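Comments concern the structure below.
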Amino acid sequence: MAEKKKSVFADMRMDELESIDSLTGKKKKRLGRPKLNPYAQEQKITTRVPKEIHRQLRIASAMTGKPMGELIVEALAIHLKRYADK
Numbered sequence: 001m002a003e004k005k006k007s008v009f010a011d012m013r014m015d016e017l018e019s020i021d022s023l024t025g026k027k028k029k030r031l032g033r034p035k036l037n038p039y040a041q042e043q044k045i046t047t048r049v050p051k052e053i054h055r056q057l058r059i060a061s062a063m064t065g066k067p068m069g070e071l072i073v074e075a076l077a078i079h080l081k082r083y084a085d086k
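Using my numbering, the letters of the sequence shown correspond one by one to residues 1 to 86.
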């Protein structure tokens, strides 16, 4: 079986790699999914909605410029507040 080619940087320590990055002017890449909305750090809920509601949500998102998740959280908070006030 053919042996995999090793990267030139494979045997270097992290501090050596960081010094190379500082010399080349490259910024460190951040790993992971970017946090796009203020609710990204919170709990995640997955649900299915009818196509028509999803379409309306997409339109509202485009019109307001807010992410769909943010609109959902706002609507859910308003709905749940009604029950808390009773």
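Ideal Cβ positions, reconstructed from N, Cα and C, are used throughout, including at glycine. As the structure is a prediction and not an experimental result, all values here were calculated from the model.
- Note that the C-beta distance between Met68 and Arg55 is not below 8 Å.
- Judged by DSSP in its simplified three-state form, Gln56 adopts helix.
- The C-alpha of Lys86 lies about 34 Å from the C-alpha of Ala62.
- About 6 Å separates the beta carbons of Ala60 and Leu71, which is inside the 8 Å limit, making them a contact pair.
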